Amino acid sequence: MLVYRIVIYLRSITSAAICSKDKVIWRIKMKPVYFSIVPMLFIIMLSIPSVSLAFRCGEEIVTRGESMAAVLYKCGEPEYITGKKKETKGTFASGTEYKRSTSYTTGGYQQEETTTEIWHYNCGENDFVYALTFEDGVFVKEETPTRGYGKSKCISVKERTR
Numbered sequence: 006m007l008v009y010r011i012v013i014y015l016r017s018i019t020s021a022a023i024c025s026k027d028k029v030i031w032r033i034k035m036k037p038v039y040f041s042i043v044p045m046l047f048i049i050m051l052s053i054p055s056v057s058l059a060f061r062c063g064e065e066i067v068t069r070g071e072s073m074a075a076v077l078y079k080c081g082e083p084e085y086i087t088g089k090k091k092e093t094k095g096t097f098a099s100g101t102e103y104k105r106s107t108s109y110t111t112g113g114y115q116q117e118e119t120t121t122e123i124w125h126y127n128c129g130e131n132d133f134v135y136a137l138t139f140e141d142g143v144f145v146k147e148e149t150p151t152r153g154y155g156k157s158k159c160i161s162v163k164e165r166t167r
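For the sequence shown, the working numbering gives the first residue as 6, with consecutive numbering after it.
Next comes the structure, spelled out in structure tokens:
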């Protein structure tokens, strides 16, 4: 119903007429606005990420932001784990304060440690090997480095308990 109303509205704004007492004096034909609106809506729809692009373990969907425990529960043990490393990042900030014609420069250093782990799941010969990257126990990135091989090991909890 909403789409129908939008189409009717767009048709109504594509032409205009100047009338005088039951008589059309001048009719203006404007360019249809919907020729520019439809491609814009299509581009917006394509730019929105889809849940179907997320990593799946059987019927379970694993999305970014989930914890290691949640992924472990949904997908089981990974085939192998690589890249267990700690990374230290630091930032320095400084500023100047002015008090009674005297300037004081202050600064601070902030250090942050992150632990990175990469879990690999082999989803079989008709799929890929998925590399799930965790930073500080939170799923942040998914990659597909190679094609899968053998029988799929990407099965959900329900399928494992059957």
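Note that CB positions come from ideal geometry on N, CA and C, so glycine has one too. Because the structure is a prediction, the values reported are computed rather than measured.
- prompt: Are any of the Cβ atoms in chain D nearer than 7 Å to that of residue 110?
  reply: Of the protein chains in this structure there is only one, and it is not chain D.
message: One question on the structure: do residue 157 and residue 129 come within less than 7 Å of each other, judged by their Cβ atoms?
response: yes
Residue 79 - containing alpha helix (DSSP H), residue span: 73-80
message: In the DSSP assignment, the alpha helix (DSSP H) including residue 164 goes from what residue to what residue?
response: First-last of the alpha helix (DSSP H) with residue 164: 162-166.
query: Leaving out five residues before and five after residue 103 in sequence, what residues of the same chain have Cβ atoms less than 6 Å from its Cβ?
result: none
Three or more C-beta pairs below 8 Å linking the segment 83-94 and the segment 115-129: Touching, per the Cβ criterion.
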